[in-house]
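First comes the structure, then the notes that go with it.
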Amino acid sequence: MKKFLFVAFSATVFLVGCSKDDNSNSQNADALKVESVLNIRENPNFQTKSDTTDLEDAERTAYLLLNASEKLVYWQTKLSDFIVEDRELSTAEINLIEEVKAAIDVDVFEDITNDKQEYFKNIFVPDFLDRVDDVMPTSKVENLFYGYTPSLGSAKKKCNCNQGSMFGCGASNHCDERVCKKKSRGCGFMFLWECNGICSYTDF
2 MKKFLFVAFS
12 ATVFLVGCSK
22 DDNSNSQNAD
32 ALKVESVLNI
42 RENPNFQTKS
52 DTTDLEDAER
62 TAYLLLNASE
72 KLVYWQTKLS
82 DFIVEDRELS
92 TAEINLIEEV
102 KAAIDVDVFE
112 DITNDKQEYF
122 KNIFVPDFLD
132 RVDDVMPTSK
142 VENLFYGYTP
152 SLGSAKKKCN
162 CNQGSMFGCG
172 ASNHCDERVC
182 KKKSRGCGFM
192 FLWECNGICS
202 YTDF
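So for the sequence shown, the working numbering puts the first residue at 2; every next one is plus one.
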């Protein structure tokens, strides 16, 4: 597992090099670095892995290496591409996605908590999810805004979801409580919440 993550990290660094630390605006985003994270599943190093937990951890690790400006470009690109590629989107779905695009800026993705980030997480997101639930299928919401496709949990697997999130573990499973050795962001809506649980089946 550690060896795989080291290889994933090394491959990313080799492909994209270093980016600047200044997160003040999108001009400080390394476009090639962002592109490599967006297309990480197409990398041959990942396609040969049968363990989805390794892939999931590698995706999260690569994303968290982006600075705030790069994360903004990541989401702007992902949302725009989704609109272009999914020809079956309704006008209502497109309008909701455009609403998110208009609501995000660099401040939302800063590591240090700020007023814009707090507003987005505590006011915009709950209201948005309440409305999108009536318009967009759960699978589409998860693919677009949660995106890691977490694997089901076991004692050997790391925390891979946020317990307070409405989505993120698939339609038939949920985020169970888990004591994590190390908590970090990278879970929940647009990966803005900490990973503090593990996905498991819900008993119906």
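For each residue, glycine too, the CB sits at the ideal point set by N, CA and C. Since the structure is predicted, the reported quantities are computational estimates derived from the model, not experimental observations.
- For the alpha helix (DSSP H) assignment, the uninterrupted runs of no fewer than 4 residues enclosed by the stretch 90-136 are, from N- to C-terminal side, 92-104, 116-120 and 126-133.
- Where C162 is concerned, there is no enclosing beta strand (DSSP E), because DSSP gives it neither an H nor an E.
- When C-beta atoms of the stretch 63-77 are compared with those of the stretch 34-43, three or more pairs fall below 8 Å, so the two segments count as touching.
- For S185, same chain residues with a beta-carbon under 8 Å away, outside a window of 5 residues either side, are L65, E195 and C196 in chain order.
- Between D58 and K159, the beta carbon gap of about 7 Å places them in contact (Cβ cut-off 8 Å).
- According to the DSSP assignment, R186 belongs to the beta strand (DSSP E) that extends over R186 to C188.
- Residue environment analysis places G165 among the exposed positions, since fewer than 16 neighbouring C-beta atoms fall within 10 angstroms of its C-beta.
- Take the alpha-carbon of L193 and the one of F129: they are about 15 Å apart.
- With distances taken between CA atoms, K122 lies nearest to A104 out of M137, D134 and A104.
- Going by DSSP, V142 is part of the alpha helix (DSSP H) stretching over T139 to V142.
- A straight line joining the alpha-carbon of T92 with that of A69 spans about 30 Å.
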